[in-house]
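So the sequence shown is residues 38 to 553, counted in our numbering. Structure first, then comments.
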Amino acid sequence: MTPQLAAAEPGQARARSLARGGAGNLAGAVVAAAANVLLIVAVTRSSTPAAAGTFFTATSVFLIAAMLAKLGTSTGLVYFLSRSRALGQQHQAGAVLRVALTPVVVVSVLGAVALALSAPALASVAVSSHQDEFTSMLRWLAPFLPFAALTDSWLAATRGFGAMGPTVRIEKVARSGLQLVLVALAAAWASGPALSVAWAAPYVVAFSLAALAVRRASASARRRSDAGTPAPPAAAVAGPFWSFTWPRTISSVAQFALQRLDVIMVAALRGPAEAAVYTAATRFLVVGQLGAQAISSAAQPQLGEALARDDRAAANQVYRTATAWLVLITWPLYLMAAFFASSLLRVFGDGYSTGAEVVVVLALAMVVATGCGMVDMLLTMGGRTSWNLGNTLLALTVNIGLNLWLIPQLGILGAALAWAAAILVNNLVPLAQVGLVLGLHPFSAATARAALVTVTCFGAVPAGVLMLGLTSWAALAVSVAAGTALYAGALWWSRDVLQLGLLSAVRRPRPVQEES
38 MTPQLAAAEP
48 GQARARSLAR
58 GGAGNLAGAV
68 VAAAANVLLI
78 VAVTRSSTPA
88 AAGTFFTATS
98 VFLIAAMLAK
108 LGTSTGLVYF
118 LSRSRALGQQ
128 HQAGAVLRVA
138 LTPVVVVSVL
148 GAVALALSAP
158 ALASVAVSSH
168 QDEFTSMLRW
178 LAPFLPFAAL
188 TDSWLAATRG
198 FGAMGPTVRI
208 EKVARSGLQL
218 VLVALAAAWA
228 SGPALSVAWA
238 APYVVAFSLA
248 ALAVRRASAS
258 ARRRSDAGTP
268 APPAAAVAGP
278 FWSFTWPRTI
288 SSVAQFALQR
298 LDVIMVAALR
308 GPAEAAVYTA
318 ATRFLVVGQL
328 GAQAISSAAQ
338 PQLGEALARD
348 DRAAANQVYR
358 TATAWLVLIT
368 WPLYLMAAFF
378 ASSLLRVFGD
388 GYSTGAEVVV
398 VLALAMVVAT
408 GCGMVDMLLT
418 MGGRTSWNLG
428 NTLLALTVNI
438 GLNLWLIPQL
448 GILGAALAWA
458 AAILVNNLVP
468 LAQVGLVLGL
478 HPFSAATARA
488 ALVTVTCFGA
498 VPAGVLMLGL
508 TSWAALAVSV
518 AAGTALYAGA
528 LWWSRDVLQL
538 GLLSAVRRPR
548 PVQEES
């Protein structure tokens, strides 16, 4: 075997593994994205904007509380479990799980009690009207907090063990699909509290399924571990785990607050009706983020293993390939949403098209952000969690400061501008840090080709179609048809540069390894 082939084979294997995990996650992300948008449509179509905004604000508070209760363990579990796999130390898995999950149980239960007791006080701050409805919704949501927090942590553990399937099947498909069905039924025939229960109840189902998935993955890890090596005491694992994870605790809450806090601030400063319009307008951004998370979740364990071995070449290859695929997946959505924002928002009901400027601002910001790749994950997997924390807190400070200044003057457009500024800070600053300190960057021939293809097919094509004077829906249909046809041809022409041939790995079964 030639040295070139020997060097190429590990790289091809990494990309195929990324393709398998990314494609599976992407399929799940499509389901979750559709369910997410349809859920918002079900609520906005069956409620007044004020009632819908109250519901969206209550669920935003709940999700921030759940993120806080996880204590940042999602990233810590992926990092330590994937590291133990890379270094042949699977016997540590049980101790890592105990150290990570026990505090989450305690904090999430206490958090549920605190959330229920503080609901009236939170209502007086979070919404300018409909405070009784908000209080009732939050109290009904509170008991589900431990289920939401533990589900996410357990699914992160399965990813650390190298299994992408549970996250796709349980979180993206089962929970999202069940949530849509129950919310649609409640929105049609029930009141606000019932809507809250319908939205939160699927976390109980996901909790049960995730617990079984972790049990199976942990048992498999024990079988692969060296039977003669005793498991370390929890105390020996706790120090390294929490010294790595505690900055991520704050960072994960701050990162999630960047996505949800503006809904609460719009409701507090402009009322729940505008919060409903803002929530609907940002759904297209969230759909794109789900696609990005599909690739990122598949890349995270590989980056953790590569950086654990200090293999910068492998990490760079995964980073660049993943960034090119991120561009291919997300830029078409962001560009089309920017061109046809007003038409798309009419799906949510009368009056929601006033959020078109929000869509345009955030779509363009996300084009820049996804072009940077998963920079925050690279810092975290590279052990720079405190840097990631500093970047996220800086972005959150920018977001809150600009929200307080711009929302009273510009309403939801001000909130969009504030979030866009925070997005740019949270991506461009770590991009520079990753390049200077880790020697990694996302720029390659594949990334450039992906950008050229998407901008041509979903930027130039709709711009030209809009000049024809067609109605908005006709222009959208023609742009999608023409852009997609051109896109398919361009991807075939660029398949080697973009490494799209490796997606065939998804269709081939993995080799079966016999246990010795």
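Cβ coordinates follow ideal geometry from the N, Cα and C atoms, glycine included.
Leaving aside the five residues before and after residue i along the sequence, list all residues of the same chain whose C-beta is less than 7 Å from its C-beta, in chain order.
i    : result
V364 : T407, G408, T484, A487, A488 and T491
A497 : none
L217 : A72, L75 and L76
V98  : L159, A163, L175 and I301
A95  : F171, M174, L175, L178 and S233
Alpha carbon to alpha carbon, what distance is there between residue j and residue i?
i    : j    : result
P157 : P309 : 16 Å
F171 : F92  : 7 Å
K556 : A519 : The question about residue 556 has no answer here: the residues shown for the chain are numbered 38 through 553.
A248 : T316 : 32 Å
V29  : A432 : One cannot answer for residue 29 here, as it falls past the ends of the chain, which runs 38 to 553.
G476 : R349 : 8 Å
W530 : P479 : 22 Å
G526 : A469 : 34 Å
Y240 : G506 : 47 Å
V534 : L461 : 28 Å
S84  : D347 : 54 Å
Y116 : E342 : 8 Å
V384 : T139 : 44 Å
C494 : F293 : 32 Å
V515 : G325 : 22 Å
A453 : V395 : 5 Å
R252 : S119 : 17 Å
D189 : G501 : 44 Å
DSSP three-state label for residue i, please.
i    : result
H128 : helix
L535 : coil
R135 : helix
R164 : As written in the sequence, residue 164 is Val, which differs from the Arg given in the question. Three-state result, V164: coil.
K209 : helix
L454 : helix
L415 : helix
G438 : helix
G388 : coil
G199 : coil
G109 : coil
Just checking my contact of residue i with residue j at CB under 8 Å: how many whole Å lie between their CB atoms?
i    : j    : result
A336 : V355 : 5 Å
A238 : W191 : About 18 Å separates the two Cβ atoms, so there is no contact after all.
L503 : A512 : 6 Å
A103 : L182 : 6 Å
P180 : A149 : 6 Å
A137 : F198 : So it is not a contact: roughly 13 Å between Cβ atoms.
A87  : S166 : 7 Å
A64  : L114 : With a Cβ gap of about 23 Å, A64 and L114 do not count as contacting.
V68  : G214 : 7 Å
V314 : T391 : 6 Å
Leaving aside the five residues before and after residue i along the sequence, list all residues of the same chain whose C-beta is less than 6 Å from its C-beta, in chain order.
i    : result
R82  : G386
G419 : L344 and L475
G109 : T282, R285, T286 and S289
R212 : P239 and A243
A451 : Checking the displayed sequence, the identity of residue 451 turns out to be Gly instead of Ala. Cβ neighbours of G451 beyond the five flanking positions: L443 and I444.
A186 : A103, A106, K107, V141 and S145
Residues in the same chain with beta-carbon distance under 8 Å from residue i, minus the five sequence neighbours each way, listed in chain order, please.
i    : result
A393 : A318, A378, S379 and L382
N425 : P284, R285, S288, D413, L416, T417 and P467
A459 : L295, A432, L433, V435, N436 and L439
When every heavy atom of the ligand NAP is checked, does at least one fall within less than 7 Å of the C-beta of residue i?
i    : result
P284 : Of the ligands one can find in the structure shown there are none, so the ligand NAP has no counterpart to examine.
Q) So does the region 375-384 actually touch the region 283-303, counting three or more Cβ pairs closer than 8 Å? A) With a cut-off of 8 Å, the region 283-303 and the region 375-384 do not count as touching, because too few Cβ pairs lie within range.
(Q) Under 8 Å: do the region 391-403 and the region 358-372 share three or more Cβ pairs, one atom per stretch? (A) Three or more Cβ pairs closer than 8 Å define a contact, and the region 391-403 meets that threshold against the region 358-372.
Q: Pair every Cβ in the region 237-248 with every Cβ in the region 204-212, then say whether three or more of these pairs are closer than 8 Å.
A: Touching, yes, given that three or more Cβ pairs across the two stretches are closer than 8 Å.
Q: State whether the region 432-448 contacts the region 131-146, with contact taken as three or more CB pairs (one from each stretch) at a distance under 8 Å.
A: With the rule of 3 Cβ pairs closer than 8 Å, the region 432-448 does not count as touching the region 131-146.
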